Structure formats: C-alpha cells, structure tokens
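K.L.:
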Amino acid sequence: MSDDAAATPMGQPESADGSRTPGRRLPRQFSLTWLLMLLLVIALASAYLVTVTRLRSAEAELARLREETGYLPPSAEDEIAAARLTSDQPMTYRLRVRVPASPPYRIAYSSVWPEAKSAPVWFGAVDVPPGESVVTVRIVKDPRDDRWKITTLRRSVDGTRRMATVLPQNHVEIFRGSHDWLSAGVSRQSSTRPVGQSLRLLDERVLVGEGAMMLYGDRPPAEEMVGVFAELQPDSGAI
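All residue numbers for the sequence shown refer to the numbering used here, where the first residue is 122 and numbers rise by one.
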C-alpha cells in the first residue's frame, strides 16, 4: 500500500482528482432550536386546555351556586331589589331581597285576598335589615302542635327571624286539595323598585270556585282568593 493511500482517512470518500469529499451532517443547531420550540408550543397548548377546562368547571359551579343561593346584580343605592330562588319543596317559596339602610323595610305575608280589595289582608310581617337577606315563605304543618301555618323565615348577617300564623280550616282544605295555581310576583330575574315603594314578592293564587280561571291582573279579585302572598314594603307602622 502506498503512502498516499495510507494517509487517506477511513470513511472519507475520495474524488476523481484525489481530494477528499466530506460527508453530509445534520444542522444540529437548527434541529435543537426547532425541537425546543415544538416542546414550548405543546406546553403552552396543554396549559391553555387545562385553564379552559378549569374555567368552565368554575363557571358551572358558580352557576349552580347562583341557582341555589340566588344572585342580585348591583343596583342603585336608591332602589330595592328581589329575585326568586329555586325550591324543591311544595308550597315553599324562597327569595333573595336587598334593601338600603333607610327607610326600614319589612316582608308582610298572608294567605287571603278578600273580594274587591286592592291588596291581601296581611297577617304579620318580618323586619328586613339593610343589605341582602334570604326569605322563605311556606305553607306547612307544624309538627309541634299539628296545626297548619303560613310561616315567613328571614336569614341575613344579622341573624334569623321567623313568624308564623295559624291558617283557617277552609284555607287548609284548599291548600291540601288538588287545584291549579296562578303564579305571579317576582321571577328569577332581579326586580327593582325605587326606595319608598313596595314590591310584590309572591302572588300565588289557588284557582278555586266559579271565578277561578279569571285573570285579574292588577284589578281586585271578584271573589275571595286563597293563596300565598308576600310583599316587601316600607315599615311604616302597624299592618
């Protein structure tokens, strides 16, 4: 073997004129940069998907909580506001209300709207402190004395207040019977009124009698109506 042949490195091809031709190599710097960028894009996409999933889960939980506890959007300082909450019990009505510091407000309740009268005959009332409160109005049999009552329970940061009135026997028979109902009052959407005015929270009439199917609107009923009535009104003295 000649000296020239011995000097040729193994693995290096030799050209026709005897010069060496280097083998092709991958551009390592470019490949590494591209790989790092790909990993970065994958990481960002994964983080985005995780964030979107958590956000949707949080929004669903917030919607569920608002459905259970109610939500009153911000309103003017010179307004009262109320919205109905969900309830899974028969003849049980839940509401969230908000009132300013002045004038004082109360929630009046009743189970009867007399014939030709402009409003129900209020049985009693529960005071409402400034801010937001959750109110529950029920027709229920009191297990302590086995008497049917209409009760109003108010919960707020100031504590709990409850009032109840024993129902007349003819009202009990109507409530326990099978009848259609006409529902009015506030809905799940927030309702507002200027401070100093009243807001009818519940107007749940049992359709009984010859005039049961008549829709009275704002007019006084043509005959006595039994139902569940509640009103957020200024506390201006005796009912």
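All C-beta atoms in this analysis are idealised placements derived from N, C-alpha and C, irrespective of residue type, glycine included.
Since this is a predicted model, take the numbers as computed values, not measurements.
1) Since I260 sits in a beta bridge, which residues does DSSP pair it with?
2) Closest to L328 by CA distance: which of W302, P241, S232, S167 is it?
3) For W243, count neighbouring C-beta atoms within 10 Å of its own C-beta (all shown protein chains included) and say buried if the count is 16 or more, exposed if not.
4) What's the gap between the Cα of V278 and the Cα of S254?
5) Could you name the residues that DSSP lists as bridge partners for E352?
6) What does DSSP give as the partner residue(s) for Y169 in the beta ladder?
7) Would you call the CB atoms of A226 and V258 closer than 8 angstroms?
8) I need the DSSP call for R309, collapsed to helix, strand or coil.
9) Could you compute how far the alpha carbon of P342 sits from the alpha carbon of R177?
10) Just reading off the beta strand (DSSP E) that R219 is part of, what are its end residues?
P.N.:
A quick look at the data gives this:
1) I271
2) L328 has its Cα closest to that of W302, out of W302, P241, S232, S167.
3) W243 counts as buried, since at least 16 other C-beta atoms from the protein chains shown sit within 10 angstroms of its C-beta.
4) Just so you know, the alpha carbons of V278 and S254 end up roughly 8 angstroms apart.
5) A229, R321
6) Note: Y169 sits in no beta bridge, so no partner.
7) It should be pointed out that residue 226 corresponds to Tyr in this sequence rather than to Ala. No.
8) coil
9) 48 angstroms
10) 213–220
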